[in-house]
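Asker:
In our numbering, the protein residues as written are 138 to 690.
(1) Could you give the uninterrupted runs of the beta strand (DSSP E) lying entirely in the segment 214-268, keeping only those of 3 residues or more?
(2) Based on Cα-Cα distance, which residue from 422, 400 and 437 lies nearest to residue 321?
(3) Which residue or residues does DSSP assign as beta-bridge partners of residue 532?
(4) Inspect the CB distances between the segment 480-492 and the segment 603-613 and report whether three or more fall short of 8 angstroms.
(5) Given a cut-off of 9 angstroms, decide if residue 552 and residue 587 are closer than it, judged by their beta-carbon atoms.
(6) Would you say the segment 566-585 touches the segment 611-622, given that touching needs at least three Cβ pairs under 8 angstroms?
(7) As a quick exercise: from 477, 463, 555 and 449, pick the residue whose alpha carbon is nearest that of residue 315.
(8) Quick one, which of 284, 533, 567 and 555 has its alpha-carbon nearest residue 523's?
(9) For residue 485, which residues does DSSP report across the bridge?
(10) How long is the line joining the alpha carbons of residue 531 and residue 514, rounded to whole angstroms?
(11) How should residue 466 be labelled, buried or exposed, when 16 other C-beta atoms within 10 angstroms of its C-beta is the threshold for buried?
(12) Among 637, 457 and 304, whose alpha-carbon lies nearest the alpha-carbon of residue 595?
(13) In chain order, what residues of the same chain have a beta carbon less than 7 angstroms from the beta carbon of residue 151, not counting five sequence neighbours either side?
(14) Write down every uninterrupted run of the beta strand (DSSP E) in the segment 349-428 whose length is 3 residues or greater and which is fully enclosed by it, in chain order.
(15) Please classify residue 674 as buried or exposed, where buried requires at least 16 other C-beta atoms within 10 Å of its C-beta.
(16) Would you call the CB atoms of residue 421 and residue 204 closer than 9 angstroms?
(17) Can you give me the Cβ contacts of residue 450 inside the same chain, cut-off strictly under 7 angstroms, excluding the 5 residues immediately before and after it?
(18) Please give the ranges of any beta strand (DSSP E) in the segment 549-624, keeping only runs that are unbroken, at least 3 residues long and fully inside the region.
(19) Determine the contact status of residue 641 and residue 677, defining contact as a CB-CB distance below 9 angstroms.
(20) Please list, in chain order, all residues of the same chain as residue 290 whose beta carbon is under 6 angstroms from its beta carbon, the five residues on each side excluded.
(21) Whole-angstrom Cβ separation of residue 568 and residue 547, contact assumed at under 8 angstroms?
(22) Under 8 angstroms: do the segment 436-447 and the segment 286-304 share three or more Cβ pairs, one atom per stretch?
(23) What's the C-alpha gap between residue 394 and residue 208?
(24) Within its chain, find whatever has a CB closer than 8 angstroms to the CB of residue 373; leave out the 5 residues flanking it on each side and keep chain order.
(25) DSSP beta-bridge partners for residue 666?
(26) For the segment 322-331 against the segment 355-363, are there 3 or more C-beta pairs whose distance is under 8 angstroms?
(27) Round the Cβ separation of residue 433 and residue 424 to the nearest angstrom and send it over; I've been treating them as touching at under 8 angstroms.
(28) Please work out which residues of its chain come closer than 7 angstroms, Cβ to Cβ, to residue 253, disregarding the five sequence neighbours upstream and downstream, and give them in chain order.
(29) Could you say which of 529, 416 and 398 lies nearest to residue 457 if we only look at CA atoms?
(30) Just verifying my parser: in three-state terms, what is the DSSP assignment at residue 473?
(31) Give the straight-line distance between the Cα atoms of residue 470 and residue 535, rounded to the nearest whole angstrom.
(32) Quick one: measure Cβ to Cβ for residue 268 and residue 403, integer angstroms, because I've assumed they're closer than 8 angstroms.
(33) Distance check for residue 211 and residue 413, CA to CA, integer angstroms please.
(34) From what residue to what residue does the alpha helix (DSSP H) around residue 319 run?
(35) Over what stretch of residues does the beta strand (DSSP E) that includes residue 652 continue unbroken?
(36) If you run the structure through DSSP and keep just helix, strand and coil, what is residue 636?
The structure is reproduced here in structure tokens:
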């Protein structure tokens, strides 16, 4: 301890002897030497920093590299990049933690960070096609497979595949793929490489799954202990490991026996960086893949980039698994587009032919055509989601009076809307058997189609996929004349509005005119089909439900 000048251990005063001019010269030399040494150190510290210095931007040739990090890796990244800076002070990084969906939104707003340590390279799938080359991967620094977070007290049987999980009946929830990479890649694993056509039951289940997707994975964890939601949900192995450390005894990981998708945890760098900035990215990747950084990532619940290692969760050792390929960007984009359509409710007007020829037998069946149509509509109504808006018209000739060939069977309403104690779904189901009593007349197909199209266009709702579905067994036959095919196509072209797209889907039975139906559908971006059995029509209605939103050209 340093004492005051009068203390017991005060240092003796130092005596200076000034020896005239010679001493003054000596002092001047000493002072000059000190000034020179100081100047030398300042100059060389700026040009060649040493450990422990804080060099300026000018000295290092630029500002710190901006690196945004997915929150699960924030601590590991900060430590690893700080160690890189300590070893080489001009390797400087400005690190911030942001959710991956926030980073994506910032990129869309023109605020792309120089480097992005994200949980999955599939975030780039959500960028517009001309922006997907904004980033290039410097490499994977870790990995984590997607598992099914299932109740610990439930069945321990591993599911067969993500395809089965997404389309089989049963309790199952996901996070919206637009905000969660685990749910997105699990959905990729379920749909990429699969047949585009689903049966009605599978399509209905997938529709419900998409409609009730959670806003965040945290919302699913919040209800994990609720017996009403014990069907499990996709989550990264690392995220589940981190959650169970704080919430033991609730969830366990189940790995599909067919394999799973993997979050590849890449360090992404902007493609337009200057060479000097790319060197900083390369140095960052090296820092994030040192043995010490890898050890920290393993402690956080990640696997190595080669998929080895992994956390033990509720006593379950991380299993080996088949790493599923997630297809091409085209396939993945198609899957995401399908998801967006599935989660968007349908608004549909069904236009049903009740001309006299509908009494005839449908080819390949023992049923009259009207009954085939009725049965298919009944089956479809039973699986469409409550949020769908459905209405129905019957048509032949003069069904609605002396100058109208169609009759409204039911207005377009939500299926779960209740009127006089009955849902709109039940109103439609009860109305379908009345078709038999309406069978008469000719086939005023063209006039009815135009009326249905203009009705749905004028009442267009942007929150839905708007469409007209026309089922007919004959060619246009209107004793009063009416529109020709060319006139109908011209009227459709004049009436359609690209900002209010309404598709016409035509389903032909019996002696229908396939060429005319195809031209009608094509004019509005829709599709035409030929069907003669309830199963055919039901499949077509499902395909119509799963069809992408197409604005008329």
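All C-beta atoms in this analysis are idealised placements derived from N, C-alpha and C, irrespective of residue type, glycine included. Only a predicted model underlies this, so the values are computations on that prediction, with no experimental measurement involved.
Answerer: This is what the structure holds:
(1) Taking 3 residues as the minimum length, the beta strand (DSSP E) runs contained wholly in the segment 214-268 are 230-234 and 252-254, in order along the chain.
(2) If we check each option's Cα against that of residue 321, 400 comes out closest.
(3) Beta-bridge pairing links residue 532 to 490 and 543.
(4) A contact exists between the segment 480-492 and the segment 603-613.
(5) It is not a contact, given that the beta carbons lie outside the stated cut-off.
(6) Contact check between the segment 566-585 and the segment 611-622: three or more CB pairs, one atom from each, fall below 8 angstroms, which counts as touching.
(7) Its Cα nearest to that of residue 315, the residue 477 stands out among 477, 463, 555 and 449.
(8) Check the Cα spacing between residue 523 and each of 284, 533, 567 and 555: the tightest is with 555.
(9) Answer is 527 and 604.
(10) Distance between the alpha carbons of residue 531 and residue 514: 13 angstroms.
(11) Counting Cβ neighbours within 10 Å, residue 466 comes out exposed, since fewer than 16 surround it.
(12) Checking every option, the nearest Cα to that of residue 595 belongs to 637.
(13) For residue 151, the predicted structure reports a pLDDT of 35, less than 50, and the residue's modelled location is therefore unreliable. A value from the coordinates is still provided. If we look at residue 151 and ignore the five residues flanking it on each side, it has no Cβ neighbours.
(14) Runs of the beta strand (DSSP E) inside the segment 349-428: 370-373, 388-391 and 403-407.
(15) Buried, by the Cβ-count rule.
(16) Going by C-beta atoms, residue 421 is nearer than 9 angstroms to residue 204.
(17) Closer than 7 angstroms at the Cβ level, and outside the excluded window around residue 450, lie 377, 378, 381, 389 and 390.
(18) 602-609, all fully within the segment 549-624.
(19) No, the Cβ-Cβ distance between residue 641 and residue 677 is not below 9 angstroms.
(20) So no residue of the chain qualifies.
(21) Indeed, because the Cβ distance is near 6 angstroms, the residues count as touching under 8 angstroms.
(22) Of all C-beta pairs linking the segment 436-447 to the segment 286-304, fewer than three are shorter than 8 angstroms, placing the two stretches out of contact.
(23) If I take the Cα positions, the gap works out to 30 angstroms.
(24) Scanning its chain for C-beta atoms nearer than 8 angstroms, with the 5 sequence neighbours on each side dropped, one finds around residue 373 the residues 256, 281, 282, 283, 284, 318, 319 and 400, in chain order.
(25) Per DSSP, the beta bridge partners of residue 666 are 644.
(26) Result no; under three Cβ-Cβ pairs closer than 8 angstroms.
(27) Between residue 424 and residue 433 the Cβ distance is about 11 angstroms, and since that is not below 8 angstroms, they are no contact.
(28) So the list reads 205, 240, 272 and 405, once near-sequence residues are dropped.
(29) Closest option to residue 457, Cα to Cα, is 398.
(30) Secondary structure of residue 473 (DSSP, three-state): helix.
(31) Taking the CA atoms as reference points, residue 470 sits about 47 angstroms from residue 535.
(32) Contact doesn't hold; Cβ gap of about 17 angstroms is too wide.
(33) If you take the alpha carbons of residue 413 and residue 211, they lie about 24 angstroms apart.
(34) Looking at the DSSP string, the run of the alpha helix (DSSP H) that includes residue 319 is 318-328.
(35) Here residue 652 belongs to no beta strand (DSSP E); instead the alpha helix (DSSP H) covers 651-659.
(36) In the three-state DSSP reduction, residue 636 falls in the coil class, being neither helix nor strand.
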